[in-house]
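A short write-up of the structure that comes next.
2 protein chains.
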Amino acid sequence: MDKKATLKDVAAKSGVSYQTVSKVLNGKANVSAETERAIWQAVEDLDYRTNAAGRNLRTQASRLIGYTWTPAPPWQPNPILDSFLSSTIEAADAAGYHLLLFPTHNTDDETETYRTLARTGRVDGFIVASMDYDDPRVLLLQKLNFPFVAFGRANADWEFPFVDVDGRAGVAAATRHLIEQGHTRLALLAWDGRSRTGDARRNGYFQAMEEAGLSINQDWVIQLPGDVEAGIEATKTLLSLPAPQRPTAVVTVDDQLAIGAMRAAQSAGLLVGPDFGVTGFDDTPGIQHYSPPLTSLRQPLHEIGREIVMRLIALIEGRTIPESIILPPKLVVRGSSLRSQ
Amino acid sequence: MDKKATLKDVAAKSGVSYQTVSKVLNGKANVSAETERAIWQAVEDLDYRTNAAGRNLRTQASRLIGYTWTPAPPWQPNPILDSFLSSTIEAADAAGYHLLLFPTHNTDDETETYRTLARTGRVDGFIVASMDYDDPRVLLLQKLNFPFVAFGRANADWEFPFVDVDGRAGVAAATRHLIEQGHTRLALLAWDGRSRTGDARRNGYFQAMEEAGLSINQDWVIQLPGDVEAGIEATKTLLSLPAPQRPTAVVTVDDQLAIGAMRAAQSAGLLVGPDFGVTGFDDTPGIQHYSPPLTSLRQPLHEIGREIVMRLIALIEGRTIPESIILPPKLVVRGSSLRSQ
């Protein structure tokens with residue numbers, strides 16, 4: 000059975016009265032968690048939709064946009080949260096919408112909260128961030144035909160509306176900048192694990208090195224977790240290479256790794272900038288006051304927030320939405336990558 | 000006329016039909032902004048309440064908590080947002096509530112958004128942060144008898160539920176720590192303007208100096224905006240004092256000022272820590288990687304978030320709430336305040 004399932008079918012399958020099912024689907028009944036689960040299971044099994052257009056199971060608009068993020072550890076700055084949130088809530092407010100925040104639960108099924116919020120009509124749509132390959136949230140929301148716009152992309156052949164930053168172009172620009180400073184032996188600190196964002200940033204280094212005709216020593220590419228301690232350890236390893244193979248600069252895919260690289264180089268007695276070039280990614284607020292100030296790539300967060308919200312509201316309201324876009328980050332050059340200070 | 004006003008009175012006074020008034024008060028009508036304003040004006044003039052307990056003008060719970068904050072400038076880290084938000088949304092979620100974010104508008108009347116959200120029943124209560132003396136949001140929400148819990152305090156004789164951090168005790172601990180390091184000439188960088196939080200922090204310095212029997216040179220107390228540049232300028236001024244009056248350490252009321260103090264001292268050729276002690280406030284994520292790492296005061300943000308949400312939900316649900324509390328910040332000692340490294 001598919002597509003033509005009715006509310007009656009859902010009631011029959013879940014063993015709950017028609018009235019109760021109707022109320023639950025409209026977010027108006029207080030029933031046991033068990034009953035609710037049975038109803039939603041039946042909705043899912045039967046692929047039930049309240050109307051042909053599949054405009055979800057809601058009776059009226061909530062004018063709320065759902066958003067969550069993975070909090071940084073308390074000792075680590077969140078480079079984007081303040082700017083991204085303030086730009087999205089401003090843009091949403093201008094259109095009469097508000098942002099609803101919900102926590103990321105570390106359960107077996109990370110899509111559970113999305114499903115509940117969508118089905119109960121608590122929100123009209125989602126901003127989905129921290130995107131990755133095979134992202135189960137994309138699969139779920141597409142299945143529910145529920146509005147969302149992603150900050151980032153997933154698998155190349157998946158189609159959904161997104162706004163992204165060109166990480167490859169950013170890291171390529173940082174790499175070229177170090178090459179222009181006279182470096183020919185450049186290492187890369189990139190994230191371990193599979194990650195579309197990480198892959199893009201890493202490939203920027205490969206692209207710029209190839210364009211410059213520079214060969215890459217296999218010891219120069221280190222994949223690691225994105226934190227300061229990992230950056231310190233990896234840079235120590237790089238600096239212990241025999242002199243002819245030792246890199247004189249390191250390109251990184253995030254500021255935490257770059258800070259680690261700076262600290263390890265300084266511990267080894269090198270002057271960061273003149274002796275050893277370092278670049279980061281994110282332009283984390285505050286890094287302009289490090290010693291030396293860190294060169295980094297700044298994402299246009301206000302523009303990203305606005306562009307995402309504009310698309311999402313158009314989608315919610317059934318209007319045509321502009322094509323997805325990939326915005327360039329800006330290289331902000333500071334002392335950590337300059338040979339002469 | 001007061002207290003006993005009816006819906007009919009509101010209709011008569013605003014010149015709008017009984018039915019329309021009823022719908023607007025329940026957030027269900029789309030009327031012109033003018034009509035809506037007339038109705039709310041009448042509600043306010045007549046001090047109209049839907050029921051004796053004054054439990055707002057809502058027909059049903061939204062299970063949403065309203066929150067806003069003043070975004071930091073893009074180049075300045077927000078020391079608390081990530082931890083505070085993640086702790087509040089976790090605590091709210093556990094009780095079946097979500098956080099609704101709204102922007103701070105720089106209009107003539109900063110309470111306008113609070114009023115609208117309260118009256119339309121968009122939220123069940125507010126977390127009110129960035130508190131200050133004579134805070135108009137407190138006056139409004141008390142007048143509307145609308146649930147809120149404050150992060151911080153206002154006038155000493157105002158009574159409302161709050162969770163606060165003991166800024167005085169924190170800065171006193173930092174000052175004592177510098178005195179224990181052997182400093183006797185300690186300056187203070189404090190915020191200009193009136194601010195309850197700023198006053199408490201400033202007074203911590205006065206308290207600790209008095210307890211230690213140290214006299215304060217009038218040139219040592221500088222009031223300024225809380226940013227790095229102001230901290231640099233003020234510290235330059237301190238370092239230009241004649242040698243016998245020149246301070247050897249500076250206590251500050253925020254990390255941005257402390258970073259400015261470190262930079263100015265370093266520009267003057269001083270070793271921060273051994274030659275010149277510096278302490279901050281907020282333990283901004285990332286300051287542990289400055290050169291030298293910055294000594295600061297850490298607010299217990301996760302506890303603060305939980306305590307605020309717990310009180311607010313009890314208030315919304317009509318339960319007794321625990322007394323307001325003042326939590327101690329923790330002094331985190333690092334190189335910037337240590338004489339021997």
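Going down the list, the sequences are from chains A and B. Numbering that gives the first Met the number 0 numbers the first residue of the first sequence as 0 and each following residue consecutively. Numbering that gives the first Met the number 0 numbers the first residue of the second sequence as 0 and each following residue consecutively. For every residue, glycine included, the Cβ atom is placed at its ideal position computed from N, Cα and C.
If you draw a straight line from the C-alpha of Thr-103 of chain B to the C-alpha of Ala-233 of chain B, how long is it?
30 Å
Is it true that the CB of Val-127 of chain A sits closer than 8 Å to the CB of Ala-94 of chain A?
no
Within the continuous beta strand (DSSP E) that includes Ser-82 of chain A, where are the two ends?
Taken as a continuous stretch (DSSP letters only), Ser-82 of chain A belongs to no beta strand (DSSP E), being part of the alpha helix (DSSP H) at 80-93.
Out of B:Asp-134, B:Val-170, B:Ala-71, which has the shortest C-alpha to C-alpha gap to Ala-155 of chain B?
B:Asp-134
With a threshold of 8 Å on Cβ separation, who are the neighbours of Gln-298 of chain A within its own chain once the five nearest residues in sequence on each side are excluded?
Ile-79, Val-164, Asp-281, Asp-282, Leu-326, Pro-328
At a Cβ threshold of 8 Å, is Tyr-113 of chain A touching chain B?
no
Endpoints, the alpha helix (DSSP H) within which Ala-147 of chain B is located
According to the sequence provided, residue 147 of chain B is Phe. The question's Ala does not apply to it. Per DSSP, Phe-147 of chain B belongs to no alpha helix (DSSP H); it is in the beta strand (DSSP E), 147-150.
Assigned exposure category for Asp-81 of chain A - 16 Cβ within 10 Å defines buried
buried
Burial state of Pro-246 of chain B (16 or more Cβ within 10 Å):
buried
Determine, for His-176 of chain A, whether the minimum Cβ-Cβ distance to residues of chain B falls below 8 Å.
no
I need the straight-line Cα distance from Gln-40 of chain B to Gln-222 of chain B, nearest angstrom please.
41 Å
Given Gly-225 of chain A, which residues of its chain have a CB within under 8 Å of its CB, disregarding the five upstream and five downstream residues?
Trp-190, Val-252, Asp-253, Gln-255, Leu-256
Listed in chain order, which residues of the segment 69-90 of chain A have Cβ atoms closer than 7 Å to some Cβ of chain B?
Pro-70, Ala-71, Pro-73, Trp-74, Gln-75, Pro-76, Asn-77, Leu-80, Asp-81, Ser-82, Leu-84, Ser-85, Ile-88, Glu-89
Any chain B beta carbon closer than 8 Å to Thr-283 of chain A
yes
Can you grab the Cα-Cα spacing for the pair Val-249 of chain A / Gly-151 of chain A, in whole Å?
25 Å
Relative to the C-alpha of Gly-276 of chain B, which residue among B:Ser-266, B:Pro-76, B:Ala-260, B:Glu-209 is closest?
B:Ala-260
Count the CB pairs spanning the segment 172-184 of chain A and the segment 205-224 of chain A that are closer than 8 Å, and state whether there are at least three.
yes
In the DSSP assignment, the beta strand (DSSP E) including His-97 of chain A goes from what residue to what residue?
97-100
Looking at the unbroken beta strand (DSSP E) that takes in Tyr-66 of chain B, where does it start and where does it end?
63-66
Are the beta-carbon atoms of Arg-262 of chain B and Ile-303 of chain B separated by less than 8 Å?
no
Give the range of the beta strand (DSSP E) segment to which Ile-221 of chain A is assigned.
220-223
Could you check the C-alpha separation between Val-137 of chain B and Met-130 of chain B for me, to the nearest Å?
9 Å
Does Val-127 of chain B come out as helix, strand or coil in the three-state DSSP assignment?
strand
Does DSSP put Ala-248 of chain A in a helix, in a strand, or in coil?
strand
Can you grab the Cα-Cα spacing for the pair Gly-272 of chain A / Ser-335 of chain A, in whole Å?
4 Å
At a CB-CB cut-off below 8 Å, which residues of chain B make contact with Leu-140 of chain A?
Ordered by position in chain B, no residue passes the 8 Å Cβ test against Leu-140 of chain A, which lies about 18 Å from the chain.
So, are the CB atoms of Ala-199 of chain A and Gly-166 of chain A less than 8 Å apart?
yes
Can you check whether the CB of Arg-333 of chain B is closer than 8 Å to the CB of Gln-287 of chain B?
yes
With the cut-off set at 8 Å, would you say Val-20 of chain B and Ala-10 of chain B are in Cβ contact?
yes
Between the Cα of Ile-324 of chain A and the Cα atoms of A:Arg-201, A:Gln-18, A:Arg-310, which residue gives the shortest distance?
A:Arg-310
Establish whether the CB of Phe-275 of chain A and some CB of chain B are separated by less than 8 Å.
no
Can you tell me whether DSSP reads Val-9 of chain A as helix, strand or coil?
helix
Less than 8 Å separating the beta-carbons of Ser-295 of chain A and Val-331 of chain A?
yes
Rounded to a whole number of angstroms, what is the C-alpha to C-alpha distance between Leu-237 of chain A and Phe-147 of chain A?
43 Å
Taking 8 Å as the threshold (beta carbon to beta carbon), is Ser-335 of chain B in contact with chain A?
no
Mark Gly-65 of chain B as exposed unless 16 or more other C-beta atoms lie within 10 angstroms of its C-beta, in which case mark it buried.
buried
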